[in-house]
Amino acid sequence: MKRLAIALACGTMLAGCQTMGQTAPEVAAAPAPARVDAGEQQIADLLSRMSLERKVAQLVMPDIGSITPEDVERYRFGTILNGGNSGPYGDDLAPAEDWLKLADEYWDASVKPLPDGEPAIPVLWGTDAVHGHSNVIGATIFPHNVGLGATRDPDLIRLIGAATATEIEVTGIEWTFAPTVAVARDDRWGRTYESYSEDPGLVAQMGAAMIEGLQGSPGAEDFLGYGRVAATAKHFFGDGGTEQGVDQGDVNGDLDELMAIHAAPYPVAIEAGVSSIMASFNSINGTKMHGNGPLLTGELRGNLGFDGLVVGDWNGHGQIEGCTNSDCRQALLAGLDVYMVPEEWKPLYENLLAQVRDGTIPMERLDEAVGRVLRLKQQLGMFDGEVRPSERPNAGRWDKLGFAPHRAVAREAVAKSLVLLKNNGVLPIREGANIVVAGSAANNIPQQAGGWSITWQGGGDLTEAQFPNATSIVDGIREVASQSKVNVAYASDTASVPRAPVDLAIVVFGEQPYAEFVGDRKDMVFRDERGLELLREYKAKGIPTVAVFLSGRPLWMNREINAADAFV
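Encoded structure:
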């Protein structure tokens with residue numbers, strides 16, 4: 014079933030409709046085609062009745078941490094977002110109920126009637142639900158993309174997308190900035206774990222499956238309907254190929270060769286019906302992507318045929334030569350449709366408005382970008398009945414947040430994502446064995462969840478309390494061990510041995526959580542030696558060991574692999 018019906022005929026009032034830049038007589042005199050697309054008629058009608066101020070506001074995306082519902086009512090922003098550290102009412106640890114409450118408040122503000130019959134356009138909320146609805150306490154957390162790529166199971170990825178979409182809907186949000194379809198080629202890059210693989214073909218396959226899970230399949234009855242949300246393929250393009258793995262850095266080389274690797278997932282994502290594509294922070298041969306007209310318009314629109322919404326990344330337009338966060342017509346002219354301007358939205362809005370008025374931004378380009386925003390909202394059914402977020406079918410269904418079937422999918426994904434690099438006969442663990450689980454990472458849910466988990470960087474001061482229903486590694490081992498008559502002791506960071514004979518030690522260690530540039534590295538050496546020390550201590554006591562390494566990327570682990578009897 015559809016969440017909302019989409020197309021609304023404008024009826025006889027369209028006879029006098031005009032788009033900006035056209036004269037009314039020309040529109041009135043044009044003969045109606047034999048078959049009129051009612052959806053496009055609706056877009057044309059809305060554009061013809063919107064003021065210049067409201068049109069410009071459709072292209073401005075502030076962060077919820079810098080705007081109030083009163084700001085939304087006054088300016089009528091087209092879209093809003095919550096950044097990695099932004100939560101309702103200034104609380105990034107806010108309960109799920111507050112997310113839905115705020116969604117209603119922004120929606121209500123955006124649809125308040127305007128004078129002179131001007132249409133009130135509902136606001137669209139986007140969020141970084143990159144491995145589940147991971148900003149929200151209680152949502153199901155799935156493995157990051159690097160783990161999902163290891164599963165090589167697109168059907169499982171579709172299930173994860175569908176589960177994530179449902180949980181996003183629970184909180185009243187309609188759009189996610191996922192999946193990342195970067196092709197990571199230098200693992201020093203701090204976003205490597207957001208890449209499914211270094212193989213463009215596998216990235217394309219997994220990315221398309223996630224898009225289909227989030228949105229449904231084009232032409233299907235539920236496409237962008239009930240149980241689905243709009244997806245975003247990101248970041249176009251080259252984010253995984255920067256020099257020395259530097260986040261937001263330079264990608265250099267022959268353009269055709271670069272596109273063959275780093276743009277390869279996008280035709281597949283477009284075929285899968287992806288609603289939006291996010292421009293990348295990086296440069297291609299010295300030109301910042303947010304201002305790269307030949308690529309954003311010539312390649313993406315022209316050669317690849319994408320006709321959806323192009324959205325910017327966090328102040329990415331401000332990195333264009335000659336631009337600032339608050340002044341950048343170049344991005345719009347290059348092909349960007351929506352500016353992600355978290356805090357400096359007001360001066361950017363005022364500058365864009367002035368630039369349209371003085372002709373430095375053509376009205377035709379403004380209408381084109383606004384039309385794409387409206388079209389996405391139309392596809393989501395946002396113009397039919399103006400249904401508040403809390404009145405939608407999944408909204409407020411708290412039983413579906415961290416839903417048991419979703420957690421079962423997450424468990425399957427974890428199991429299939431594990432990579433066994435070594436096993437000298439100690440696995441599987443025999444029935445009745447006595448084992449010790451060691452290492453602080455074995456009992457650290459925020460660490461095993463990684464970055465983009467509740468907060469932008471993850472980890473830090475987060476505790477188990479922010480991950481209700483989650484299971485630590487040691488508790489998971491205990492749960493399974495109880496069914497196999499395996500005795501489990503936990504030794505934390507010491508190599509202590511219980512009094513009873515020990516048949517095996519499982520040592521859990523790994524990277525601390527990080528996101529984006531904070532995770533950039535100069536080399537691939539893992540220098541935290543606590544896990545290595547534990548492995549060596551148990552080995553000295555004659556106890557076989559299994560090393561379990563938590564990581565967002567491959568790292569140099571020769572010492573740990575050599576010290577362990579099995580390595581996962």
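Just add 13 to the spot in the sequence shown (first one is 1) and you have this note's numbering. Glycine included, C-beta positions come from ideal geometry on N, C-alpha and C.
Of all the options Ile-93, Asn-148 and Gly-103, which has the alpha carbon lying nearest to the alpha carbon of Trp-138? Of the candidates Ile-93, Asn-148 and Gly-103, the residue whose Cα lies closest to the Cα of Trp-138 is Ile-93.
Do Glu-524 and Leu-563 have their C-beta atoms closer together than 8 Å? With respect to the 8 Å criterion, Glu-524 and Leu-563 are classified as neighbours on the basis of their beta carbons.
Got a sec? Which residues, its chain only, sit under 7 Å from Phe-108 by beta carbon, not counting five neighbours each side? According to the sequence shown, residue 108 is Pro rather than Phe. In its chain, beyond the 5 residues on either side, Ile-150 have a beta carbon closer than 7 Å to the beta carbon of Pro-108.
Same chain, Cβ closer than 6 Å to Pro-38, five either side skipped, listed in chain order
Low per-residue confidence applies at Pro-38: pLDDT is 32, beneath 50, and the placement is therefore not dependable enough to give any value.
- prompt: Would DSSP call Asp-105 helix, strand or coil?
  reply: In the structure shown, Asp-105 falls within a coil segment according to DSSP collapsed to helix, strand and coil.
Q) Could you give the distance in angstroms between the alpha-carbon of Arg-420 and the alpha-carbon of Ile-154? A) Cα to Cα, Arg-420 sits roughly 8 Å from Ile-154.
| Is Thr-177 helix, strand or coil when you go by DSSP? | In this structure, Thr-177 counts as helix in the three-state DSSP scheme.
Quick one: is Val-538 buried, meaning 16 or more other Cβ sit within 10 Å of its Cβ, or exposed?
-> Exposed, because fewer than 16 other Cβ atoms sit within 10 Å of the Cβ of Val-538.
What did DSSP end up calling Ile-486 once you bin it into helix, strand or coil?
Correct three-state label for Ile-486: helix.
- Item | Run of the alpha helix (DSSP H) containing Val-386, from where it starts to where it stops | Unbroken alpha helix (DSSP H) run through Val-386: 376–392.
* Asked: Going by alpha carbons, who is nearest to Val-577 out of Gly-565, Gly-52, Ala-276 and Ala-560?
  -> Correcting the residue type first, residue 577 is Ala in the shown sequence and not Val. Ranking Gly-565, Gly-52, Ala-276 and Ala-560 by Cα distance to Ala-577 puts Ala-560 first.
- Should Ser-485 be labelled buried (16 or more other beta-carbon atoms within 10 Å of its own) or exposed? By the 10 Å Cβ count, Ser-485 comes out buried.
Three CB pairs or more closer than 8 Å across the region 172–190 and the region 406–419: Touching, yes, given that three or more Cβ pairs across the two stretches are closer than 8 Å.
Practice item. Would you mind working out which of Ala-163, Ala-504 and Ala-122 sits nearest Ser-208, comparing C-alpha positions? Key: Per the Cα distances, Ala-163.
Problem - DSSP state of Trp-188 mapped onto helix, strand, coil - result: Correct three-state label for Trp-188: strand.
- Query: What residue range is occupied by the uninterrupted alpha helix (DSSP H) comprising Asn-158?
  - Reply: Asn-158 -> alpha helix (DSSP H) spans 158–164.
* Buried or exposed: which applies to Leu-59, given that a residue is buried once 16 or more other Cβ atoms fall within 10 Å of its Cβ? -> Under a 10 Å Cβ-count criterion, Leu-59 is classified as buried, with 16 or more other Cβ atoms of the shown protein chains found around its own Cβ.
query = Nearest to Arg-87 by alpha carbon, out of Trp-120, Pro-101 and Lys-114?
reply = Of the candidates Trp-120, Pro-101 and Lys-114, Trp-120 places its Cα closest to the Cα of Arg-87.
message: Taking the alpha-carbon of Ala-382 as reference, which of Ser-339, Asp-340 and Asp-320 has the nearest alpha-carbon?
response: Closest in alpha carbon position to Ala-382, among Ser-339, Asp-340 and Asp-320, is Asp-320.
Decide if the region 265–285 is in contact with the region 293–301; the criterion is three or more beta carbon pairs, one per stretch, under 8 Å apart. With the cut-off at 8 Å, the region 265–285 and the region 293–301 touch.
* Ser-289 - containing beta strand (DSSP E), residue span -> Here the beta strand (DSSP E) through Ser-289 covers 289–292.
**Leu-365 - DSSP class collapsed to helix/strand/coil** = Reduced to three states, the DSSP call for Leu-365 is helix.
Should the region 274–289 be called in touch with the region 207–223, which here means at least 3 C-beta pairs below 8 Å? The region 274–289, when compared against the region 207–223, does touch it at the 8 Å Cβ threshold.
| message | By the three-class DSSP mapping on this structure, what secondary structure does Phe-530 have? | response | Phe-530 falls in the helix class under three-state DSSP.
field: Within the region 418–470, ranges of the beta strand (DSSP E) (whole runs, at least 3 residues)
entry: Counting whole runs of 3 or more residues, the region 418–470 contains the beta strand (DSSP E) stretches 447–451.
Three Cβ pairs or more, each shorter than 8 Å: is that satisfied between the region 165–177 and the region 221–229? Yes, since at least three Cβ pairs between the region 165–177 and the region 221–229 fall closer than 8 Å, the two stretches touch.
For this session: Write down the C-beta distance between Glu-573 and Gly-544 rounded to the nearest angstrom, noting that I regard them as a contact closer than 8 Å.
Result: Contact holds; Cβ gap of about 6 Å.
- Val-521: which of Ser-453, Tyr-551, Phe-396 and Val-323 sits nearest, CA to CA? Comparing C-alpha distances from Val-521 to each of Ser-453, Tyr-551, Phe-396 and Val-323 shows the shortest one belongs to Ser-453.
query = Mind checking Asp-50: buried by the 16 CB within 10 Å criterion, or exposed?
reply = Exposed: under 16 other Cβ atoms inside 10 Å.
By the DSSP assignment, the beta strand (DSSP E) with Ser-505 in it spans what residues? For Ser-505, the enclosing beta strand (DSSP E) starts and ends at 500–505.
- prompt: Just checking, does the region 356–363 make contact with the region 322–340 on the three C-beta pairs under 8 Å criterion?
  reply: The region 356–363 is in contact with the region 322–340.
For Leu-68, report the span of its alpha helix (DSSP H) as first-last.
Note on identity: in this sequence residue 68 is Lys, with Leu being the wrong assignment. Where Lys-68 is concerned, the enclosing alpha helix (DSSP H) stretches over 65–71.
Practice task
Kindly list the residues whose CB is nearer than 6 Å to the CB of Asn-571, restricted to its own chain and excluding five residues on each side of it in sequence; keep chain order.
Solution key: Here the set comprises nothing.
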